[in-house]
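Mapping of the sequence shown onto our numbering: position 194 corresponds to residue 282, and the numbering continues sequentially without gaps. Right, one structure below, let's go through it.
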Amino acid sequence: MEYDLEKLRGRTPGIILQEGCRRSAVLIPLIKEVDGIYVLFEKRSEKIGRQPGDICFPGGAVQEGEEPACAAVREACEELIIEPGQLDLICSCDVFHNASGIVYPFAAWLTGYSGSFSAEEVSETFKVPLDFFRNSDPVICTSKMVRVADDDFPYHLIHGGRDYKWPERTDKELFYIWNDRVIWGITARILKGFLDVLL
Numbered sequence: 089m090e091y092d093l094e095k096l097r098g099r100t101p102g103i104i105l106q107e108g109c110r111r112s113a114v115l116i117p118l119i120k121e122v123d124g125i126y127v128l129f130e131k132r133s134e135k136i137g138r139q140p141g142d143i144c145f146p147g148g149a150v151q152e153g154e155e156p157a158c159a160a161v162r163e164a165c166e167e168l169i170i171e172p173g174q175l176d177l178i179c180s181c182d183v184f185h186n187a188s189g190i191v192y193p194f195a196a197w198l199t200g201y202s203g204s205f206s207a208e209e210v211s212e213t214f215k216v217p218l219d220f221f222r223n224s225d226p227v228i229c230t231s232k233m234v235r236v237a238d239d240d241f242p243y244h245l246i247h248g249g250r251d252y253k254w255p256e257r258t259d260k261e262l263f264y265i266w267n268d269r270v271i272w273g274i275t276a277r278i279l280k281g282f283l284d285v286l287l
């Protein structure tokens with residue numbers, strides 16, 4: 089059998105294991121006021137199953153056939169009860185990827201925001217001055233992630249069997265603390281990526 093490897097030239101690479109990952113998109117809403125620029129955050133409702141009470145950006149799952157930017161705008165409109173015309177996309181930001189999901193972040197100007205939100209998904213919204221992040225480094229802590237195989241894992245297929253030394257993974261967790269609000273997890277990682285480019 090012959091292979092036409094030339095057809096691979098110029099190919100745009102995909103992401104391995106993307107098929108099993110949850111694809112999400114979030115919006116980093118920026119509000120321009122007289123005294124400066126603010127970043128808008130949500131506190132997730134206690135009624136929802138995933139990460140209740142956490143601070144996050146508006147966002148959610150990318151639907152089949154939907155572009156991530158469209159998903160970010162759609163979710164922001166649903167959660168903040170705003171119209172698409174109130175958003176002006178500035179850029180796509182660095183994509184976050186781990187074993188369980190891919191998150192596509194986008195920064196956008198938000199105008200005419202009244203403070204509204206969908207109580208089904210959000211318990212409150214609040215603004216943080218962009219200058220706070222310019223002048224405040226996050227608290228950084230580390231945690232170790234150890235892989236544990238299922239009991240029926242085919243140990244006989246790998247060198248070392250049950251004594252195989254699974255690599256430990258050390259993750260850095262970022263914490264931005266503003267008054268009594270703690271911004272951490274994926275939201276803090278996405279925020280840091282945005283700030284690194286901006287500042």
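Ideal Cβ placement from N, Cα and C applies to all residues, glycine included.
Residue range of the alpha helix (DSSP H) that includes residue i
i, result
"Val285", "Gly273 to Leu286"
"Phe220", "Leu218 to Asn223"
"Pro156", "Pro156 to Leu168"
Proximity below 9 Å, CB of residue i to CB of residue j
i, j, result
"Gly141", "Glu134", "yes"
"Leu93", "Ala160", "no"
"Pro117", "Pro146", "yes"
"Phe292", "Arg111", "The first residue shown for the chain is 89 and the last is 287, placing residue 292 beyond what the model contains."
"Ile143", "Arg222", "no"
"Val216", "Phe263", "no"
"Arg162", "Glu154", "yes"
"Leu168", "Ala195", "no"
"Leu279", "Ile271", "yes"
"Glu171", "Gly148", "no"
"Gly102", "Cys181", "no"
Candidates the options: closest to residue i by CA position
i, options, result
"Val122", "Phe241, Ile190, Thr199 and Phe145", "Thr199"
"Gly173", "Ala164, Ser180, Cys181 and Cys179", "Ala164"
"Ile190", "Arg132, Ile104, Phe214 and Glu90", "Ile104"
"Asn291", "Ala195, Ala149, Ile274 and Asp239", "With the chain running from 89 to 287 in the structure shown, residue 291 is simply not present."
"Ser224", "Leu287, Ser202 and Arg99", "Leu287"
"Lys120", "Asp284, Gly281 and Asp219", "Asp219"
"Cys109", "Ser188, Cys181 and Phe214", "Ser188"
"Phe129", "Gly137, Asp182 and Phe214", "Phe214"
Endpoints, the beta strand (DSSP E) within which residue i is located
i, result
"Leu198", "Gly189 to Leu198"
"Asn267", "Run containing Asn267: none; DSSP gives neither H nor E here."
"Thr230", "Val227 to Met233"
"Ile116", "Arg110 to Glu121"
"Tyr252", "Looking at the DSSP string, Tyr252 is not in any beta strand (DSSP E), and its letter there is neither H nor E."
"Gly102", "Element bounds for Gly102: n/a, residue is neither H nor E."
"Tyr126", "Gly124 to Arg132"
"Ser180", "Leu175 to Ser180"
"Ala149", "Gly147 to Ala149"
"His185", "Phe184 to Asn186"
Burial state of residue i, where buried means 16 or more other Cβ atoms lie within 10 Å
i, result
"Pro193", "buried"
"Val150", "buried"
"Ala113", "buried"
"Tyr126", "buried"
"Ile265", "exposed"
"Glu90", "exposed"
"Lys253", "exposed"
"Leu96", "exposed"
"Cys179", "exposed"
Sufficient close CB pairs (3 or more, under 8 Å) joining the stretch 201–208 to the stretch 239–247: By the Cβ criterion, the stretch 201–208 is not in contact with the stretch 239–247, since fewer than three pairs of Cβ atoms, one from each stretch, lie closer than 8 Å.
The stretch 217–232 / the stretch 250–266 touching (three or more Cβ pairs under 8 Å): yes
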